Amino acid sequence: MKPIPQIESVGLPPEIHADRVVGEMLRWLAAEHAGAWKRVQAAIRPAGTPKAQARLLQAIRRAGGDTVFHTLLQEGTRGRFRIYGLDWCAWDTSRQGDVGPGDPVPGRPWLCCNIFTVDGRRKRSLESRRFLYVTHHALSRLAQRCGARTVEDLIAATKVLAVTYMRWVTKHNERPADGTRLEVEGICTAVLCRHENDLGNVVVVTILEAEA
1 MKPIPQIESV GLPPEIHADR VVGEMLRWLA AEHAGAWKRV QAAIRPAGTP
51 KAQARLLQAI RRAGGDTVFH TLLQEGTRGR FRIYGLDWCA WDTSRQGDVG
101 PGDPVPGRPW LCCNIFTVDG RRKRSLESRR FLYVTHHALS RLAQRCGART
151 VEDLIAATKV LAVTYMRWVT KHNERPADGT RLEVEGICTA VLCRHENDLG
201 NVVVVTILEA EA
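Just so we're aligned: 199 in our numbering is position 199 of the sequence shown, and the numbers increase by one with no gaps anywhere.
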């Protein structure tokens, strides 16, 4: 597991400092994400009872490290369970792919959040799909609005943003329309639009101050 780089400012970070924090976070994430998917796959084992399923959930969390930042277990008997998780990676918009540790980091990479499922009813199959993108501009604005002076601060704020969006989708059972404003627990307001190429998913295009 790679240590989180430390960059600090005094007071709310200005735009230049926020961009630097975003860049360091995405470079750290590219290194952290390397091999995580294979480690998660290797951690999956039979889990017939709720106790075994809870142990499997912990094994997946350990295998994914900081790449896996949110999980949920739906227990079941006789191996009938589901584990849901969120993971993320740095995203190169020019290649439409994640940034690996050996890849050149583009000038303004995005963040891509994925949702994965382990289904005990389907021979413990592991499936993943993208569900949210966050632009470099939005990450920089998030760092400024929430006062993220360090990479760790920005990671925490981004996790809250992603989980808040997932809960919105679960509640409304639909994709948000262009221009939808998502209130993020009093931290900020995220402005969403549909991805122009990946039509099933959504992009956080900017971050505004939290609405009163």
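Ideal placement from N, C-alpha and C gives every residue a C-beta, glycine not left out.
Quick caveat: nothing in here was measured; it's all calculated off a predicted structure.
| Query | Result |
| --- | --- |
| Is there a C-beta anywhere in chain D that falls below 7 Å from the one on K51? | In the structure shown, chain D cannot be found, because there is only a single protein chain. |
| Identify the continuous alpha helix (DSSP H) that holds I60 and give its terminal residues. | 50-64 |
| Does the separation of the CB atoms of H33 and T77 fall below 7 Å? | no |
| So, does the region 138-155 touch the region 95-102, judging by three or more C-beta pairs under 8 Å? | no |
| With respect to the alpha helix (DSSP H) encompassing D19, which residues constitute its N-terminal and C-terminal limits? | 15-33 |
| Using the three-state DSSP reduction, which class does E144 fall into: helix, strand or coil? | Here residue 144 turns out to be Gln, not Glu, going by the sequence shown. Three-state result, Q144: helix. |
| Alpha carbons only, please: which of R194, K171, R141, R167 is nearest the one belonging to I187? | R141 |
| Apart from the five residues just before and just after T164, which ones in its own chain have a Cβ nearer than 7 Å to its Cβ? | L182, V184, E185 |
| Locate the beta strand (DSSP E) running through Q74, then write down its first and last residues. | 68-74 |
| Taking its Cβ as the centre, do 16 or more other Cβ atoms sit within 10 Å of R62, making it buried, or is it exposed? | exposed |
| Please classify G179 as buried or exposed, where buried requires at least 16 other C-beta atoms within 10 Å of its C-beta. | exposed |
| Just verifying my parser: in three-state terms, what is the DSSP assignment at E152? | helix |
| Compare the C-alpha of C89 against each of V204, V169, L132 and name the closest. | L132 |
| Return the bridge partner residues of F116 from the DSSP annotation. | G85, S128 |
| How many Å lie between A162 and D87 at the Cα? | 10 Å |
| The alpha helix (DSSP H) that contains V40, what's its start and end? | 36-43 |
| Quick check: the Cα distance between V105 and D119, rounded to an integer number of angstroms? | 34 Å |
| Can you tell me the Cα-Cα spacing of W37 and W168, whole angstroms? | 26 Å |
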